[in-house]
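To start, the structure under review is shown below, and the notes come after it.
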Amino acid sequence: MASEDVFKKIIAHCKEYGFIFPSSEIYDGLGAVYDYGQTGVELKNNIKKYWWDSMVLLHDNVTGIDSAIFMHPTVWKASGHVDAFNDPLIDNKDSKKRYRADVLIEDHIQKIEDKIAREVEKAAGRFGESFDEAMFCRTNTRVLEYRQQADAVRSRMNAALNGDDLEELRRIIVDCEIACPISGTRNWTEVRQFNLMFATEMGSTADGALKVYLRPETAQGIFVNYLNVQKTGRMKIPFGIAQIGKAFRNEIVARQFIFRMREFEQMEMQFFVPPGTELEWYEKWKEMRMKWHKALGLGDDRYRFHKHAKLAHYANAASDIEFEFPFGFKELEGIHSRTDFDLSQHQKYSGKKIQYFDPERNESYVPYVIETSIGLDRMFLSIVSSAYTEETLTREDGSTDERIVMRIPPALAPVKLAVLPLVRKDGLAEKAVEIKNRLKFDFNCQYDEKDSIGKRYRRQDAIGTPYCITVDHRTMEDDTVTVRYRDSMEQERVPAGGLSEIISEKVSLKGLLEKIR
Ligand code: GAP
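Under the working numbering, think of the first position of the sequence shown as 20, with each following residue one higher.
Structure (structure tokens):
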């Protein structure tokens, strides 16, 4: 199945089973804003806990905060966001549609790449098993022509972006004859910079309201609290501050479901280190963060590092952890060596001394910072997109059945177990409720008595519940139940009293945390 179709199915599944709904859907939704439903919020909370515990519980020198979304407007001047948090935009004069200039060019490059893929596919069909793709790409004149075209456009675009050359970006669009997907015309405006921060006003206009921003990253809330935490927590460098919270960006090209949203959540950690040690810590955090991802077992080959070729003016090293989403490898998390830029800027703009006296070095300095920054929603997408599995099952009589199963890592699964009475009568329902009420203090449990047992299993598979506990007539005699395992669908008879132990072994976060400590 084409990956685009798989992605559409995942989006539909997320809605059907209460993971994610479009925001304000009864009013036709709001672009790139989503709500998490009854199933999604549980998965989201579990991801947060996995991240938080891995930072704050496992590291004695990492502590957490929860800072406000609104901050003094000067914060964003100091951080550079007011002047430089921009995207290059271009409008089509006929459709009045607005685009990110670099995205229009990237889409054009993608079309050339698609032509290469089609040539390869055709040749593979012609040559059959003897087809050597690498050799074909090296020698076929049409493929070589396309490759050269794509590379030339890409390097022109990168040079224009790096040099903030807006005129050149427009020239590339004109030279490549890129047309507006809506109007089909090439009637373009100039390219302009557009700031991505949402602004609002605080206080009444009569008092002279203050222009404030919805934070575009949570990191600045950590920087401005650096002194508070260091002093009140008596923290010694190196130490880190972790935070989970909402961030807002007026993304112009917001697409790919929850991959690029206008309101999203970040899990960020700023690690403060002595100057000169930052690159060593940068490598350590890269390694620790990759380990955190791989411990989930979604497949080691679905992750890779991407080193930034162009560094932001404040960084001396930066890499992304990319994940293989249904639409290809894309950024999931950023690990940045941000030097002393942010703290120095806040020192300058606030006039407050932001320094650390290092007793070992016997000197004061502005600490350097390693940042790990991951989008919670992207993390969510990485999990649901790799968990979504369609299976064809063959029964003993040879007939087949389909099931959709969300193979979510059990420790993150929204619901850990469902207790299902085989039938409602003969006291089975009451017994099942009793078992559920005993287990609900330790696990997120569901009770379900409606429809056939097969249908109930499918409903639990669809939300990724790792265990289904069935109460049948034998339970009433010997207090045993069957446990059905989500992935293998195997069933096992166990004493009802031993359920807690069996389940907690697989679903506790402890198991995951032990893998990365
Ligand atoms: N403090 C650094 C920072 O914000 P970033 O690369 O702009 O760096 C960090 O963002 C992470 O936040 C990204 O790796 C991504 O996972 C997530 N993110 C950024 N923009 C997003 C958006 N519009 N929607 C969803 N997640 C986003």
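For each residue, glycine too, the CB sits at the ideal point set by N, CA and C.
A contact between stretches requires three or more CB pairs, one per stretch, nearer than 8 Å, and the region 366–375 fails this requirement with the region 275–288. Here Asp480 is not near Val434, since their CB atoms are 8 Å or more apart. Around Ser43, the same chain offers Leu49 as residues with beta carbons nearer than 7 Å, after the five sequence neighbours per side are excluded.
Under the three-state reduction of DSSP, Ile88 is assigned to coil, being neither helix nor strand.
Taking a C-beta distance under 8 Å as the contact criterion, Met221 and Phe40 do not qualify as a contact pair. One Cα belongs to Ile191, the other to Glu270, and the distance between them is close to 22 Å. Minimum Cα-Cα distance from Asp106 among the listed residues Gly56, Glu35, Asp183 and Lys34 corresponds to Asp183. Counted as a single uninterrupted DSSP element, the stretch harbouring Arg119 is not any alpha helix (DSSP H) but the beta strand (DSSP E) occupying residues Arg117 to Arg119.
Within a 10 Å sphere around the beta-carbon of Tyr53 sit 16 or more other beta-carbons, which makes this residue buried. Look at Leu317 here: in three-state DSSP terms it is coil, with no helix or strand label. For Trp311, DSSP assigns no beta-bridge partner whatsoever.
For Ile393, the distance from the CB to the nearest heavy atom of the ligand GAP is below 7 Å.
When the beta-carbon positions are compared, Ile135 and Arg166 come within less than 8 Å of each other. Annotation for Asp113: no alpha helix (DSSP H) segment contains it, and DSSP assigns it neither H nor E. With fewer than 16 other CB atoms across the displayed protein chains lying within 10 angstroms of its CB, Val193 is exposed.
For Asp361 against Phe258, the beta-carbon gap comes to about 16 Å, at or over 8 Å, which does not count as contact.
The region 310–397 is shown to contain whole beta strand (DSSP E) runs of 3 or more residues at 322–326, 336–344, 347–358, 375–377, 382–384 and 387–394, in chain order. Apart from the 5 residues on each side of it in sequence, Lys525 sits with its Cβ closer than 7 Å to the Cβ of Pro429 and Pro485 in its chain, given in chain order. Put simply, the backbone Cα of Asp359 is about 14 Å away from that of Leu246. Pairwise C-beta distances place the region 306–321 out of contact with the region 408–420, as fewer than three of them are shorter than 8 Å.
In terms of Cβ geometry, Glu533 and Leu395 do not form a close pair [threshold 8 Å]. Residues Ala142 of the same chain have their beta carbon placed closer than 6 Å to that of Phe155, with the five preceding and five following residues left out of the count. For the options Val231, Ala198, Ile260 and Pro293, the alpha carbon positioned closest to that of Asn381 is the one of Pro293.
The Cβ neighbour count for Asp47, taken over all protein chains shown within 10 Å, is under 16; the residue is labelled exposed. Per the Cβ contact rule, the region 455–462 is not in contact with the region 21–41 (fewer than 3 Cβ pairs under 8 Å). Taken through DSSP and simplified to helix, strand or coil, Lys34 comes out as helix. Around His355, the same chain offers Ala334, Ala337 and Glu390 as residues with beta carbons nearer than 6 Å, after the five sequence neighbours per side are excluded.
Per DSSP, the continuous alpha helix (DSSP H) segment holding Thr494 begins and ends at His492 to Asp497. Taking the Cβ atoms as the reference, Glu352 lies roughly 7 Å from Ser392, within the contact range of under 8 Å. In this structure, DSSP gives Ile128 a helical state, which the three-state scheme calls helix. Taking the Cβ atoms as the reference, Val388 lies roughly 53 Å from Ala451, outside the contact range of under 8 Å. Within the DSSP secondary-structure output, Asp106 pairs in a beta bridge with Phe213. Following the DSSP letters along the chain, one finds Val172 inside the alpha helix (DSSP H) bounded by residues Thr160 to Asn181. Under DSSP, Gln262 forms a beta bridge with Glu287. Secondary-structure assignment with DSSP links Tyr53 through a beta bridge to Pro41.
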